[in-house]
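Residue numbers in the sequence shown follow my numbering, run continuously in steps of one, and reach 190 at the last position.
A virtual CB, placed ideally from N, CA and C, is assigned to each residue, including glycine.
Just so it is clear, the structure is predicted and the values come from calculations on it, not from any experiment.
For reference, the structure is listed below as structure tokens.
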Amino acid sequence: MPWKNGGGATTEIAVSPTGAALDDFDWRVSMARVESGGPFSGFAGVDRTLAVLEGEGIVLDIAGRPAATVTKASAPLSFPADVPTQAALIAGPIIDLNVMTRRGRMTHAVERVMISTSTDIHSVADVTLILCFDGEITVAGAAPVRIGQRDTLLLGPDALKWRLEPARPATLFVIRIDRVAATINACFET
């Protein structure tokens, strides 16, 4: 689908609610090929995390912050998606992973995990996504699921612990998304 600012295209991995548009999602996970530098699309009331999957990397100039360099080796970078952000590519195109949540409704965390032996993933999140960036893994359970390169497994809130069995060393992104607890206002008469 086209970027909100028209500067490129993205592949949507998952969105909630299903079928939500760019202005009304609760959360969204996508990958994009970035061919050149320029402004990022703005998303009012949204928090974003970006990780570089392929290419040399990107330098982000996020209003009010020092410039941040994001590469395949660096940790994913979280920032508000509603502040002006300019991007400059380090050396040619990149493919990035974007995770966005609607502030006040949802929160998220993104972790890059490299595994070469059986590994347990623990999560009490409302939603957990496991993106197998490279390699191949089997997710153990009552019905084991095999996911390969660039496949994503969406796990619900009942998934507290999952055993991941890599066929060979693999790089994964574990994305945890939670609903923000509603605040209850109570009025008392005296």
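Which same chain residues, not among the five before or five after residue i, have their C-beta less than 7 Å away from its C-beta?
i      : result
PRO17  : ASP26
ASP126 : PRO157, ILE177, ASP178 and ARG179
For residue i and residue j, what's the separation of their Cα atoms in angstroms?
i      : j     : result
THR71  : ASP96 : 10 Å
ASN98  : ARG33 : 11 Å
SER78  : ILE58 : 14 Å
ARG103 : ASP23 : 13 Å
Excluding five sequence neighbours on each side, which residues of the same chain lie with their C-beta closer than 6 Å to the C-beta of residue i?
i     : result
ASP61 : ALA67 and GLN86
Whose C-beta lies closer than 8 Å to the C-beta of residue i among residues of the same chain, with five residues either side of it excluded?
i      : result
GLY92  : GLY55 and GLU56
THR190 : Unreliable placement is indicated for THR190, whose pLDDT of 38 sits below 50; no coordinate value is reported for it.
LEU155 : SER123, VAL127, THR128, LEU129, ILE130 and TRP162
VAL145 : THR138, VAL139 and LEU153
Around the Cβ of residue i, are there at least 16 other Cβ atoms within 10 angstroms (buried) or fewer (exposed)?
i      : result
ASP47  : buried
ARG28  : buried
LEU160 : exposed
MET114 : exposed
PRO76  : buried
THR117 : exposed
THR49  : buried
Cβ atoms of residue j and residue i: under 8 Å apart, would you say?
i      : j      : result
THR152 : ALA51  : no
ILE177 : THR101 : yes
THR69  : ARG112 : no
GLY45  : ASP82  : yes
PRO84  : ALA63  : yes
SER199 : LEU89  : Within the shown structure, residues of the chain are numbered from 1 to 190, placing residue 199 beyond reach of any answer.
ARG150 : PHE173 : no
PRO169 : GLY148 : no
ILE121 : LEU164 : yes
Given 7 Å as the limit, tell me if residue i has its C-beta closer than that to any heavy atom belonging to the ligand SAM.
i     : result
LEU97 : In the structure on display, the ligand SAM does not appear, and there are no ligands present to speak of.
| Continuous beta strand (DSSP E) assignments of at least 3 residues falling wholly in the region 81-167 | 85-89, 94-102, 106-115, 119-122, 127-134, 137-139, 145-147, 151-155 and 161-166
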